Amino acid sequence: GNFMNHKETHNKIVTLTSLALLTAIVVVLQLIGSSFRIGPIPFSLVLVPIVIGAILLGPWAGAFLGAVFGVMALSGGISGSDVFTATLWSFSPFWTALTCLLKGAACGAVAGLVYLAFSKKQTLACILAAIVCPIVNTGVFALVMLTALRTPLMQMAAVYGWTGSVVTVLFVTVIGVNFFVEFGINAVLSAAIARIIKAVQRH
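First residue of the sequence shown? That's 866 in our numbering, and the numbers climb one at a time after it.
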């Protein structure tokens, strides 16, 4: 039985090392992420390591990496480097914190679950996981913005001169470009992600 224990220990070490590495990548991408901007909206590659973690290590790892991403996004809001999150934070720290953590953890966990659901067709599973991640990330955000954080959204709309209903403001200004960029990045990179996963899982 000793051999099995050794193998299990080895696997745990590999898992933890992989998780640590992916966590570091998430942190770094979040730190430099705000330097990639399209207009006022920062877009990021941060969902990519989250998806890779969710696929390789499972939904729990995706949720963990997503939560790290949420904490980073939140700290950007608290420190004021992310103007949008900072504005939300000043209005409602609780809902802002909850949203950041929830959307991150959810997009990672769902990516992992989607991968497991389709894992018999590996490439498809990787692509679906990569695509569902930004959808969930944005979806959770949209739900909270339209409900709990509706007021600050409308206040910001007034400040920035955005017009239209709360839904229009949310989808056109806040989510619009950002979502399509993140969705595009993940869709384009999903095939590459699938290749990375295949290469890693061979060993």
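Glycine included, C-beta positions come from ideal geometry on N, C-alpha and C. These numbers were taken from a predicted model, which means no experiment stands behind them.
Contact fails between the stretch 997-1017 and the stretch 869-883, because fewer than three Cβ pairs, one in each stretch, are under 8 Å apart. For Ile1040, the closest C-alpha among the options Phe1006, Met1019, Leu884 is that of Phe1006. Distance from the CA of Val948 to the CA of Leu939, rounded to the nearest whole angstrom, comes to 11 Å.
Residue range 948-956 is occupied by the alpha helix (DSSP H) that includes Ser955. Along the stretch 944-1031, the beta strand (DSSP E) does not occur as any fully enclosed run of 3 or more residues. Non-local C-beta neighbours of Val997 in its own chain, meaning closer than 7 Å and more than five positions away in sequence, comprise Val975, Ala976, Val979, ordered along the chain.
For Trp960, same chain residues with a beta-carbon under 8 Å away, outside a window of 5 residues either side, are Leu953, Val1009, Ala1013, Leu1014 in chain order. Val1037 counts as exposed, since fewer than 16 other C-beta atoms from the protein chains shown sit within 10 angstroms of its C-beta. If you draw a 10 Å sphere on the C-beta of Asn876, you find fewer than 16 other C-beta atoms in it, and that means exposed.
C-alpha of Asn1002 to C-alpha of Val879: approximately 28 Å in a straight line. The stretch 983-990 and the stretch 961-968 do not touch, with fewer than three beta-carbon pairs separated by less than 8 Å.
Here DSSP, grouped into helix, strand and coil, assigns Val916 to helix. Put simply, the backbone Cα of Ile1061 is about 10 Å away from that of Cys991.
Taking a 10 Å sphere around the C-beta of Pro999, we find 16 or more other C-beta atoms and assign the residue as buried.
Taken through DSSP and simplified to helix, strand or coil, Gly1049 comes out as helix.
Here Leu910 carries a coil assignment [DSSP, helix/strand/coil]. Ile943 and Val893 have their alpha carbons spaced roughly 18 Å apart.
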